[in-house]
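Step one of this worksheet: look at the structure below.
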Amino acid sequence: MLSETRWGMKGESEGTVSAYFDYNATAPIRPEALAAVLEALQAVGNASSVHHPGREAAHRVETARRHLADLLVCSPGELIFTSGATEANNLALRAAHRGGARIVTSGAEHPAVLETARDLTQYEPGSLTVLPMRADGLVETGALEEELDRGGVSLVSLMAANNETGVLTDLVPVVKAAHAAGALVHTDATQMIGRLPLDLSEVDVDLLSLSAHKFGGPQGVGALFVRRGTPLPFRPLITGGGQEKGWRAGTLNVPGIAGAGAAAAAVSRDLVDDVARVTQLRDQLEHMVTTTVDGCRINGQQAPRLPGVTSITFAGAPADAVMAAMPHIAASDGSACASGAPTPSHVLLAMGLSREEAECTVRFSLGYATTADETAAAAEAVVRAVHQVRAALAATAGAAAH
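Each residue of the sequence shown is one higher than the one before, counting from 0 in numbering that gives the first Met the number 0.
The following block contains the structure:
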């Protein structure tokens, strides 16, 4: 049994282990981020005030901005703090879209991008193109090139890493093709930041969205990167006092921003080691499950993926039943933002899975605090749960047949 830690704890009953495998929904807050949040909460001062407490608050904000800029390899002045990636995605798309022009995105995007794009183009038939996905979870690059060749595209928005499968988008050729066609490029990098290096001096996207709680910062704070010189009309979502150079009015969330900066600094320090370790743990989990459970497959396995994400379809074992059978393992049957939705994952459907297959898929996401013991315990729990669910369904079917 695991020794008691913050993220791997003894269960309520003997012989059970609680293990957290839902980093894509939110990561445990890093100790450095928690300390920064508490320190800022214990201080006083509005970051827009000119007196000493206000200047101290502003200093916390700018220190965090520098830490985040260091992680992304960009200028601090290119970062706008927001309430999270959903707001950042909205701000990016609404600023970059030109009326009468077209938006190109993919069928695997987060709803914060897809729904915003649909809203922006609802009165302009034909101005939104949702690119098809391949079975491995990658965008059909030929379809993207065709859309750009047609002309009239103002914005291409493709996520850096998928939140359900972990499949990565190679942004460099996307940016090259889009810029050649006169289009801007936005990427929702919410899942990539803190999981893999992303150097914005080399990846020439115009706009990038992120959320601090995905890499160990607090919930409720994120940022939008806007590359210096990007031709954007001034379209803030929230107007008022002119904070964040007028792009995001409202009193700055100093504790949240300070926590985001501290988490970014911790990521910069540990990322190389974390990538190798988390990749090994993910592979260990996949091996233990797939070699023990018949009729399962890993979605997107043939494509480049994030280190700590695996999406596994268990034939004949509905995900909700599997998760109910392993209550001490925190995993997901889809995106946390779509929890309770009446339809299965739009990402898996776009990849060609049937509705039944999508409903039998569980996502496990690991991160900086995941341990080898937790991973082994989770694999054992998954195997037991799938066998239990299949046996129960078979018994029910047999009883119904009689």
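Note that the Cβ used here is the ideal one computed from N, Cα and C, for glycine as well.
Asked, Found
"For my contact list, E86 and L236 are in at a C-beta cut-off of 8 Å; report their separation, rounded to the angstrom.", "7 Å"
"Given that a residue counts as buried once 16 or more other Cβ atoms are within 10 Å of its Cβ, and exposed if not, what is P124?", "exposed"
"Can you tell me whether Q190 is buried or exposed, with buried defined as 16 or more other CB within 10 angstroms of its CB?", "buried"
"Taking just the CA atoms, how far does T25 sit from A335?", "Reliability of the predicted coordinates at A335 is poor, the pLDDT of 46 falling under 50, and no value is obtained from them."
"Using a threshold of 8 Å, state whether the C-beta atoms of L406 and T120 are closer than that.", "The chain is shown only over 0 to 401; residue 406 falls outside these bounds and no answer can be derived."
"Taking 8 Å as the threshold, find out whether the segment 29-43 comes into contact with the segment 228-246 through three or more Cβ pairs.", "no"
"When the Cα atoms are used, what is the spatial distance from L195 to R149?", "34 Å"
"Which residues in the same chain as V292 place their Cβ atom closer than 7 Å to its Cβ, once the five residues preceding and following it in sequence are excluded?", "F313, V382, V385"
"In this structure, how does DSSP classify A56 when only helix, strand and coil are distinguished?", "helix"
"Whose CA, out of G221, E144, R65, A302, lies closest to the CA of T104?", "E144"
"Would you mind sorting Y19 into buried or exposed? The rule is 16 or more other CB atoms within 10 Å of its CB.", "buried"
"Which first and last residues belong to the alpha helix (DSSP H) in which S267 is found?", "253-289"
"Quick check on DSSP: helix, strand or coil for M191?", "coil"
"Where do the ends of the beta strand (DSSP E) carrying V321 lie?", "It is not in any beta strand (DSSP E) - V321 instead sits in the alpha helix (DSSP H) that spans 318-323."
"Terminal residues of the continuous alpha helix (DSSP H) containing G141?", "140-149"
"Between the segment 216-224 and the segment 86-100, are three or more C-beta pairs nearer than 8 Å?", "yes"
"Considering just the uninterrupted stretch of the alpha helix (DSSP H) at H85, what are its terminal residues?", "According to the sequence provided, residue 85 is Thr. The question's His does not apply to it. Segment 84-95, the alpha helix (DSSP H) holding T85."
"What does the alpha-carbon distance come out to for the pair L92 and L157?", "12 Å"
"Measure the C-alpha to C-alpha separation of A248 and T374 and round it to an integer number of angstroms.", "43 Å"
"So what does DSSP say about H50, is it helix, strand or coil?", "coil"
"Distance check for F214 and A68, CA to CA, integer angstroms please.", "15 Å"
"Specify, as a first and last residue, the run of the beta strand (DSSP E) that V361 falls within.", "360-364"
"Would you mind reading off the limits of the alpha helix (DSSP H) that contains T115?", "110-120"
"Identify which residue in A100, A94, P217 has its Cα closest to the Cα of A63.", "P217"
"For R354, which three-state DSSP category applies?", "helix"
"With a threshold of 7 Å on Cβ separation, who are the neighbours of G358 within its own chain once the five nearest residues in sequence on each side are excluded?", "Note that residue 358 corresponds to Glu in the displayed sequence, not to Gly. If we look at E358 and ignore the five residues flanking it on each side, its Cβ neighbours are P317, A318, P343."
"Residues in its own chain within less than 6 Å of Q301 by CB, not counting five upstream and five downstream?", "D135"
"By Cβ distance, which residues of its chain are closer than 8 Å to Q283, with the 5 residues on each side in sequence left out?", "A371, T374, A375, A378"
"Quick one: what's got a C-beta closer than 8 Å to A188's C-beta in the same chain, skipping five residues either side?", "M158, A159, A160, L197, L207, S208, L209"
"In the DSSP assignment, find the unbroken alpha helix (DSSP H) run with G397 in it and report its ends.", "371-400"
"Reducing DSSP to helix, strand and coil, say where T238 ends up.", "coil"
"Helix, strand or coil, according to DSSP, for A177 in the structure here?", "helix"
"With a CB to CB cut of under 7 Å and the five nearest residues on each side skipped, what residues in its chain are close to R276?", "none"
"When the Cα atoms are used, what is the spatial distance from A32 to A259?", "7 Å"
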